[in-house]
Each structure stands twice: as structure tokens, then as C-alpha cells.
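Sequential numbering of the sequence shown, starting at 856, is according to our numbering. Backbone N, C-alpha and C fix where the C-beta goes; we use that ideal spot for every residue, glycine too. This report refers to the structure that appears directly beneath it.
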Amino acid sequence: MAAALPPVILVTGASRGIGRAIAQHLARRGARVALHYARNDAAARDTLATLAGEGHAPFRADVADPAACERLVADVIAHFGRLDVLVNNAGIYEDDAIKSASYAEWQRVWRRTIDTNLLGPANLTYLAVQHFRTRGGGRIVNITSRAAFRGELTAQSYAASKAALNITGQSLARALGPDHIPVFTVAPGWIDTDMAVGALTGPGAAEVLAQHPLGRVGTADEMGATVAWLALEAPANLTGCVLDANGASYLR
Ligand code: NDP
856 MAAALPPVIL VTGASRGIGR AIAQHLARRG ARVALHYARN DAAARDTLAT LAGEGHAPFR
916 ADVADPAACE RLVADVIAHF GRLDVLVNNA GIYEDDAIKS ASYAEWQRVW RRTIDTNLLG
976 PANLTYLAVQ HFRTRGGGRI VNITSRAAFR GELTAQSYAA SKAALNITGQ SLARALGPDH
1036 IPVFTVAPGW IDTDMAVGAL TGPGAAEVLA QHPLGRVGTA DEMGATVAWL ALEAPANLTG
1096 CVLDANGASY LR
């Protein structure tokens, strides 16, 4: 009997932070990683060099651009011959504080955030699902945020994008169950990455830490382990879940 092929997994935003740790966990567990990033070639190269095993490849694309999403999925499938799992991890966090942002700035941040954090994953999902349905199934893991439930004082568009992605994943879990495409969502709290540097080192850092009963924020490595489990092993009956990964810093 032929050996099972290693799963091919597209991880968006894998050059740094949480995506990098997800790629590392997946590679250690035998997956072939399509390592996606936006523009940081050096970080993508460095991360690629840390991945265990062979056959991984980098792909550069702006997920806020629908045509770039189309090229990305086509390129991954052309390179590996297939795609088994999509991990929608790439995202941005930008202040749009309503009391200080100009109207023009408010417009720009909302548009960029929704295009990147919501429409990017939605478009990649659409494209991956067309492929999954020709192969009898696939998996999707979305990374959202605690902000979707707690709200964000100075990043309303970020919270809105993540809340919308939660319900997008849940709607798709219902729609795609019959097609053997489970859709899982993880909603992290603060995690020690570039995105969180301002919050974890700035004047509000003590207050952020005080929210965490573990006495620390989450690590990218913990996120990597969680998402690798969802991508490779989690039972299909978890489809539609939104898994809190916030160290009990916000319970709902
Ligand atoms: P980082 O800022 O550390 O890394 C972001 C990654 O996304 C990079 O790989 C970056 O690529 C990529 N990226 C950014 N914009 C685009 C774009 N337009 N198109 C394609 N790729 C893009 O983020 P984190 O690792 O911290 O966050 C990962 C996910 O986890 C995000 O969705 C975030 O919202 C979520 N999250 C993070 C939390 C935290 O505290 N860190 C808390 C809750 C949720 P490049 O290197 O090329 O710039």
C-alpha cells in the first residue's frame, strides 16, 4: 500500500509571530508548509530555514488584494499539486481611536483592516474550498481575537473584523459540513509577538499583565501547538468552534 502523502498546509502570515510558530509545529509533525507572507522577504527566508523536514516553500502576496489571493492559491496548488488545509492567520492591528483619528484616517484604517483581516480570509477560503470540493474535503483554521468579544478601546475596526470572521467561520462550518470541510476558529488574547509589543511594553503593560491569572501573556509557541492540532487532528465534530486561547484573561 502506498504511504499517505504529507498534508500540504497554507499558513498565511507565517514569516513572523504566531504564523511562524504554526509553521514550525506543522513542519515538525510532517506537513509540507506553504509559508505565506506580505513583504518581509528576510523574515520569510529566516523562518523557512527553521522548518523541520523538506519540501516547504515561501509565497508572497497581499491578502487584502483579491487578485493576489487568487494567484496565491493557484501558485500553491501548482507547486505542491494539492492543498489540504488553509490556516488564515495573517492580520493587522491598527489604531482608529474615534476621539483622535481624523475622518480620513478613520476611513483608511477601517478599509485596510477589513480588507486584510476579513475579506482576505474570506477570499482565500472561497478559493481553497473550490479545490477542497474536488478532493473530497479539506480543513480551515481561522485566527481571530479576544477583541471580538471584549471590544477594543482604540481599534474598533480590528474588533469588528475579528467578530465578523468568527461568524463567517461558523456560517461556513454549517455550509461545508456535508463536504467534509470542518472550519475551526481560535480567538487568542495577547500573545508575545511584534503585533503586541506596544501593549506589552508601553504604559498600559502592567494593566495588560494584571488581566492574566497565569501571570504572563500567551506565547506564539502555544498558539502553534493549538493550531497544528486543529489543522491535523481535531475531530470534525469541533467544526464551528471558536476556541478561546487567552489564559482566562477574558471569559465569556
Ligand atoms: P505579526 O504582526 O507578528 O505578524 C503578522 C503576519 O501577517 C506577518 O507574517 C505579516 O507578513 C503578515 N501580514 C500582515 N499584513 C498582511 C497582508 N496584507 N497580506 C499578507 N500578509 C500580511 O502578527 P501576530 O503573529 O501577532 O498575529 C497573527 C494573527 O493573530 C493575526 O490575525 C492577529 O490579529 C491575531 N492575534 C494576535 C494577537 C497578539 O497579541 N499577537 C492577539 C489576538 C489575535 P510580513 O512579515 O511580510 O509583514
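Proximity below 7 Å, CB of residue i to CB of residue j
i, j, result
"phenylalanine 914", "leucine 927", "yes"
"arginine 937", "alanine 1083", "no"
"aspartate 1076", "alanine 952", "no"
"aspartate 1047", "valine 1063", "no"
"glycine 1024", "valine 1041", "no"
"alanine 882", "glycine 908", "yes"
"alanine 1028", "threonine 1094", "yes"
"arginine 994", "valine 940", "yes"
"glycine 946", "asparagine 972", "yes"
"glycine 874", "valine 866", "yes"
"alanine 1018", "glutamate 1007", "no"
"aspartate 917", "alanine 893", "yes"
"aspartate 970", "alanine 919", "yes"
"aspartate 1034", "arginine 1005", "no"
"alanine 1100", "threonine 1081", "yes"
"alanine 898", "serine 870", "yes"
Residue environment, residue i, which counts as buried when at least 16 other CB atoms sit within 10 Å
i, result
"valine 1052", "exposed"
"glycine 1070", "exposed"
"glycine 1079", "buried"
"asparagine 1092", "exposed"
"lysine 954", "exposed"
"alanine 1065", "exposed"
"serine 1020", "A small correction: the amino acid at residue 1020 is leucine; serine does not occupy that position in the sequence shown. Counting Cβ neighbours within 10 Å, leucine 1020 comes out buried, since at least 16 surround it."
"threonine 968", "buried"
"isoleucine 1036", "buried"
"tyrosine 958", "exposed"
"glycine 872", "buried"
"serine 1026", "exposed"
"glycine 992", "exposed"
Span separating the alpha-carbon of residue i from that of residue j
i, j, result
"glycine 910", "threonine 902", "14 Å"
"arginine 963", "phenylalanine 935", "36 Å"
"asparagine 943", "threonine 1056", "27 Å"
"proline 976", "glycine 868", "11 Å"
"proline 1043", "leucine 1031", "24 Å"
"serine 1104", "proline 1068", "7 Å"
"leucine 1106", "aspartate 896", "38 Å"
"tryptophan 965", "aspartate 950", "10 Å"
"glutamate 925", "arginine 990", "19 Å"
"valine 984", "asparagine 997", "14 Å"
"serine 1016", "threonine 1009", "14 Å"
"leucine 982", "alanine 889", "15 Å"
"alanine 929", "histidine 986", "10 Å"
"alanine 1086", "alanine 956", "39 Å"
"proline 1090", "tryptophan 1045", "27 Å"
"threonine 999", "proline 1058", "25 Å"
"valine 1097", "alanine 1060", "27 Å"
"histidine 891", "arginine 1001", "24 Å"
"isoleucine 948", "methionine 1050", "The sequence shown places tyrosine at residue 948, not isoleucine. Each residue's alpha carbon lies about 7 Å from the other."
"glutamate 960", "leucine 974", "20 Å"
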